[in-house]
Structures are given as structure tokens and as C-alpha cells.
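Colleague:
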Amino acid sequence: MIDFKIKVAELIFESVKDMTIEEISSSLEAPQNPKMGDCAFPCFKLSKLMKKAPQVIAGEIKQLIDGNRGEFIDKIEAAGGYLNFFFNKSSAAESVLNAILSEKENYGRSKAGGGKCIVIDYSSPNIAKPFHVGHLYTTFIGAALYNMYEFLGYKPFGINYLGDWGTQFGKMLYAYKHWSSEELVDKDGLAELTRVYVKYSAEAETNPALDNEARLWLVKMQDGDEEALRLWKTFRDLSLEEYNKCYKRLGISFDSYNGESFYNDKMAAVVEELHAKNLLVEDNGAKIVRLDEYKMPPCLILRSDGGTLYPTRDIASAIYRYKNYNFSKALYITDARQSLHFAQWFKVAGLMGYPFESDLVHIPYGYLMLEDGAMSTRKGNYVTADTVFNEAAARVKAVINEKNPELEHKDEVAEQVGIGAVKFVILYNSRIKDVVFSLDKILSFDGETGPYVQYTHARASGVLEKAGRDDFANPDYSLLSDDDSLSIVKLLSQFTEKVEEAVQKYEPYVVTRYVTELAQAYNKFYHNNKILQAEPGLRKARLALTYGVKTVTASALALLGISAPDRM
RNA sequence: GUACCUGUAGCUCAGCCGGAUAGAGCAACGGCCUUCUAAGCCGUGGGUCAGGGGUUCGAAUCCCUUCAGGUACGCCA
1192 MIDFKIKVAE LIFESVKDMT IEEISSSLEA PQNPKMGDCA FPCFKLSKLM KKAPQVIAGE
1252 IKQLIDGNRG EFIDKIEAAG GYLNFFFNKS SAAESVLNAI LSEKENYGRS KAGGGKCIVI
1312 DYSSPNIAKP FHVGHLYTTF IGAALYNMYE FLGYKPFGIN YLGDWGTQFG KMLYAYKHWS
1372 SEELVDKDGL AELTRVYVKY SAEAETNPAL DNEARLWLVK MQDGDEEALR LWKTFRDLSL
1432 EEYNKCYKRL GISFDSYNGE SFYNDKMAAV VEELHAKNLL VEDNGAKIVR LDEYKMPPCL
1492 ILRSDGGTLY PTRDIASAIY RYKNYNFSKA LYITDARQSL HFAQWFKVAG LMGYPFESDL
1552 VHIPYGYLML EDGAMSTRKG NYVTADTVFN EAAARVKAVI NEKNPELEHK DEVAEQVGIG
1612 AVKFVILYNS RIKDVVFSLD KILSFDGETG PYVQYTHARA SGVLEKAGRD DFANPDYSLL
1672 SDDDSLSIVK LLSQFTEKVE EAVQKYEPYV VTRYVTELAQ AYNKFYHNNK ILQAEPGLRK
1732 ARLALTYGVK TVTASALALL GISAPDRM
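Read in this note's numbering, the first sequence has 1238 at position 47, and its numbers run on one by one without any break.
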């Protein structure tokens, strides 16, 4: 397809030698008011270089390039220091829709990534604890970025860095031994483990001796005690089994489940290396790396009892991943409270001489609270992910029964729309905002929501289905010259650049908002124009446009991990 | 105390590598289903872009500062 932006940039470049073609291209913008044009070049920066008023420059450029603007631009106007380009509606529609008609669901894909590996560390729940709404942000953002990188020609590698080792397991083992049993765990699974963990936390408040007992269990694990390891493995297997049910429901899978325990035997080498490179300093019995020079508190590597810490393990894992996956970037998707931790150990990796320091990226997201306060597994104040999805599906089913009682496969559609609604809300705003989790807010289905976009897709599908197959090949694109059609065509042409922007910002919402805009544009078009009842030529052109909307909507939703049912 | 994040319409948020009249959804109010799915479309009202300085031809956007809310700062992860 024609990239209009590049065409315009090339055209301007013919007469403006003070800027590179890339500079021109990146300064191009879309006027807020479409009546002012489809693409605008601001001349204010040139005004400094050329020492002339921007209005004058715009006029001069217009004079120079107007003659050979080609057939894809109808008109060039100089207005208020801007140079405004009006696309030829027919050739715009033709280039975009022809590309979609031939490339179908591959439309928009790019090879720009060149197969470079992007390691994405996401989801990463602590095993033996429930998978709750607090895990949804990292899980959905990670999965969406994974899809987008793949779409752009990278080779993403998803790692679920399970929290499967550490002091919490000492507590868990103590709690299990005292208050639970194999039968109870068989019966209730993670819920039972969580029950005794919550009990432990409550008891430990008043009885500090428990923590010593728990520590003994951890020591047993570290020393390879048979019973401790057997229980640990049982809990780990059980957790993975339950998580995988949930991941399957969400359509998410990982390339690796190497968790914290995987690095148990890889940390000693890191400590040794830090020591050899003279980075370790003893302080109050602990070993630290000083970071004063970088205006950060020191990074703790070894406890005073010789035990390792979170940063030690993360450095070991980064080195392992670099050696084994040769990543060009490694993304860590965690909540913003861990920002300092990541900044610290990234710096330590750099001080160790690892060149990949600059390729390590922490992608923080905001704090998620429940309506009745902070979420805490320890205190038993949490909402499991399944609870939310079940409720979502149930509410969607009620809407289906009301609006479309004849629908087939109601349960399946309710599941797709319900889960889509939850994903959509979470991927709709910038990550960093703190959120109060409210079922009622997440599960409203009007306006800028997942169901709205899915509904639009189902509408388009319905029209195409009624039209019959291939009824829209080789249409007369000049019939799509109205404003409603053109705004859709412009949006369709922006698909790839929106995905690129999302990846560049590590913000899936760019795509979420894009697909919402596309849905709004199509709904407006749909309302104002007959499609199936239009006269044959027009009908064909509008069906091609409808096909474009359906295809790109489904692709964009797929990038977000959201299904696009054909009926709902 | 130090550092980071946030502050835009009643609510939830876009816009922030400076550019044309600050946008959207929800909520409120008023219209549109004998016509391709009304989970839709159209309209009305609603703003000191937290406050104050500065840089600039031009600031919601960049810099400084104050305020408000949140978070993190040695043996948890």
C-alpha cells in the first residue's frame, strides 16, 4: 500500500533541503479539523532556519511542489504557517483497501523487527497463592506487547518468572504441617493453601516465634530435605495446574516457566564475580554494592547470614537470559513500587561490565486497590481472577438473553465478550495510573468498551455474511469519497504505525484507543449509509470498506488478546 | 529527610519529543428503531489544563518553585 506520510515527506523534501526526509516525516501531523486537510506540515521550525515568516515559507513550498504533487494529492493549501495536503480520496481508498483485500489478516504486519529477540518477563505470580486481579495488569500488558512485537517482525520470548522460592515457602510449609493435610489440599487446592497462609500471617502477628519455625523449614528446603522438597514440588505443580487453567481461559501461554528456584544454583557465580570485580562492600555484616555515585541507595547482594536476595537472583537471571536468548531487549513488567529495585540492579549489571544494561527495561504500572482498601493475600483481602471472569461472563449472558435471545453458542460468546471487556478496560489507559478495582466499572458495556468494539465487529461481520462471499472484489473506489468513508480509510492506513507507537511507548492502550476510534468511525458510517440496499456499484465499494474494518478490527483486538466474535 | 509517580469537564481518562478553536466515554438533559444487530447514532450543557514564576513567535506540553495525593528507600520478593 502507499504510505501517504512518506509520499508527502518526499514531496516536501524536493524543495526543502534544510531538513532530512525523516525530520520532515516525523513533523507531519494530522490537523484536528479534517476540513483543513488530511496531513499538515508546520513551517515554524523552518522559519528560524530560513529567517522568513512561516506563512511565507508555506506559500513558497506550495508554489514549488504544487506542479508535481501526483495524483494521490488533490490539493495543497498554505494556511497559517501550515502546508495542508488533501489526499485524493479515491486513490487513498484504493491503496488501503486493495492492500487489505489481498493481505487479509496479515494486513499491517511488518518485518521491521528483523527477528530480534525481545524477552518479556510478565505475569510471574507467587506460587501457592491465588491468581488474583492484581496479576491482571502485568499479564495483559505482557501478552499484548508480546503479540505486538511478533506483529512487527520481532521474536518475542515470554517468561513467567514464577515466585517459587524464598521465605514465604518456609511459612507455607509450617502452616501446611500444622493446620492442613493432603486430603484438604486435594479437595480445595490453592484455596486451602491460601487459607492456612492467611492463618499463619494472623498468628505470626502475636507469636513471633512462628517466624523462626518457618525459617527452619526454609533451611530444610535449601539443604535438600526430602519432605520439604516433596511438599514444595507438590505445591508448585498444583499452582501451575491452576494457573494454566486460567491462562488457557485467557488465551495466554509462555515460552518459559523458569521461576526463582531455577536460579538457585546460578547465584554463587554472580556473587563471586561481583567480588572479583571489587564491587562488593561489607556493611553491617551484609554485602552490598554502593551506588552513591548514581544517587541511589546501595543494592543488597548478600544478607548478613550469607543468604541471597532478590537483586542477586535478578542479576543471575538476566545474565542467563542474555547468554541463552541473546535478547536485544529484556522487558520486566511489574508494579511501579519496584522501580528503585530495578534501577539498582540494572546499574549493578552495568558496573559488572555487561553491555546489555541499556537493553534492560522496567515497565511499571500503577497501584491496584480494591474498593475496601489495599489488596493483600496475607490478610485474605483479594479477588481471584476467575471470580471476575465468571461474573463478567454472567453479566454478558444476561445482556445477550435480553438483546439477542436467538443467538447460538451463547455461553461461548458470553465468555469471549466478558473476558474481552476486562482486558479492554485494563489495556485502555496508560499503565501508570493507580486504579480502584470495581466490578461495576469494569463491566459496563456502553461507550468506549470492549463490547462496543466487539459489537462493531459483529455488525460488520453480519453485513458481509448477508452480502455473500467475494461480492466486493474490484470495486469503484471513487464511490468512497464521502467524509465518513474517508475517515475510515485514513484510520485503516494508520494501523501499523499505531502498533509501532504502542511498542515504542510500551503502552498497549495506543492500539486499544485506535481500534475504538475505528469502531466509532464505522458506526457513524453504518448509521448514515445503506450498504446492502445501496445500488450495486456503491454496495460493492461499501462492502470492501466494511471488510477492511472487520479485518483490521479483528487484527487489532487479537493484538490485545481479545476475541472478535462474528455474532453477539 | 531523599527519590520517583500522579494532578486536564461532576466522574474515568486521552492529548505531554512545544503548534491551528484543549478532546473522548460515563453521568445529566433532548432527539432517532415498519429500514443491513439501538451493546448503536445525533444533539445540548459542562474547563483558571492544581497554583505561581520562567524560556519561546507560540506552553496543558519544556525548566524552576509551591501545594495536594500516592509510592519506594538494607538484610521480604
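Glycine included, every Cβ here is placed at the ideal spot set by N, Cα and C. These numbers come from a predicted model, not from an experiment.
Using the beta-carbon count (16 or more within 10 Å), is A1393 buried or exposed?
Modeller: exposed
Colleague: So, at 6 Å on beta carbons, what are the nonlocal neighbours of T1211 in its own chain, with the 5 sequence-adjacent residues on each side left out?
Modeller: Taken in chain order, the list of residues that qualify is empty.
Colleague: By the 10 Å Cβ neighbour count, where 16 or more other Cβ atoms means buried, how is G1333 classified, buried or exposed?
Modeller: Residue environment analysis places G1333 among the buried positions, since at least 16 neighbouring C-beta atoms fall within 10 angstroms of its C-beta.
Colleague: Please classify A1400: is it buried, with 16 or more other beta-carbons within 10 angstroms of its beta-carbon, or exposed?
Modeller: exposed
Colleague: Compute the distance between the beta-carbons of Y1313 and Y1298, then report whether it is under 9 Å.
Modeller: No, these two residues do not count as a Cβ contact at 9 Å.
Colleague: Excluding the 5 residues preceding and the 5 following Y1513 in the sequence, name in chain order all residues of the same chain whose CB lies nearer than 6 Å to its CB.
Modeller: F1547
Colleague: Grab me the residues of K1731's own chain with a C-beta within less than 7 Å of its C-beta, minus the 5 sequence neighbours each way, in chain order.
Modeller: D1662, F1663 and P1666
Colleague: Specify the secondary structure class of T1575 as computed by DSSP and reduced to three states.
Modeller: strand
Colleague: Helix or strand or just coil, what does DSSP make of D1757?
Modeller: coil
Colleague: Going straight from the alpha carbon of M1192 to that of A1712, what length do you get?
Modeller: Because the pLDDT of M1192 is 43, which lies under 50, any placement of that residue in the model is unreliable, and the number read from its coordinates should be weighed accordingly. So the alpha carbons of these two residues sit roughly 21 Å apart.
Colleague: What are the boundary residues of the alpha helix (DSSP H) that includes T1525?
Modeller: First-last for T1525: K1520 to D1526, but that is the beta strand (DSSP E), not the alpha helix (DSSP H).
Colleague: Near S1216, which residues of its chain fall below 7 Å by C-beta distance, leaving aside the five closest residues on each side in sequence?
Modeller: K1196, I1197 and A1200
Colleague: Which residues in the same chain have their Cβ closer than 7 Å to the Cβ of S1669, if we skip the five residues on either side of it in sequence?
Modeller: S1281
Colleague: Which partner residues does T1499 have in the DSSP bridge list?
Modeller: L1493
Colleague: State the DSSP-derived secondary structure class of G1325, mapped to helix, strand or coil.
Modeller: helix
Colleague: Hey, is the stretch 1458–1478 in contact with the stretch 1515–1535, meaning 3+ C-beta pairs nearer than 8 Å?
Modeller: no
Colleague: Report the three-state DSSP secondary structure of C1308 (helix, strand or coil).
Modeller: DSSP places C1308 in the strand class (E or B) of the three-state scheme.
Colleague: Applying the criterion that 16 or more other CB atoms from any shown protein chain within 10 Å of the CB defines a buried residue, is K1594 buried or exposed?
Modeller: K1594 comes out exposed.
Colleague: Could you please give the first and the last residue of the uninterrupted alpha helix (DSSP H) stretch that includes H1600?
Modeller: It is not in any alpha helix (DSSP H) - H1600 carries neither H nor E in the DSSP assignment.
Colleague: Are V1462 and Y1697 touching if we call contact CB-CB under 9 Å?
Modeller: no
Colleague: What residue range does the beta strand (DSSP E) around A1270 cover?
Modeller: Counting along the chain, the beta strand (DSSP E) containing A1270 begins and ends at I1264 to A1270.
Colleague: What are the boundary residues of the beta strand (DSSP E) that includes Y1556?
Modeller: L1551 to Y1556
Colleague: Name the residue from G1380, L1381, K1368 and F1426 whose alpha carbon lies nearest to the alpha carbon of F1404.
Modeller: For the record, residue 1404 in the displayed sequence is Glu; it is not Phe. For the residues G1380, L1381, K1368 and F1426, the minimum Cα distance to E1404 belongs to K1368.
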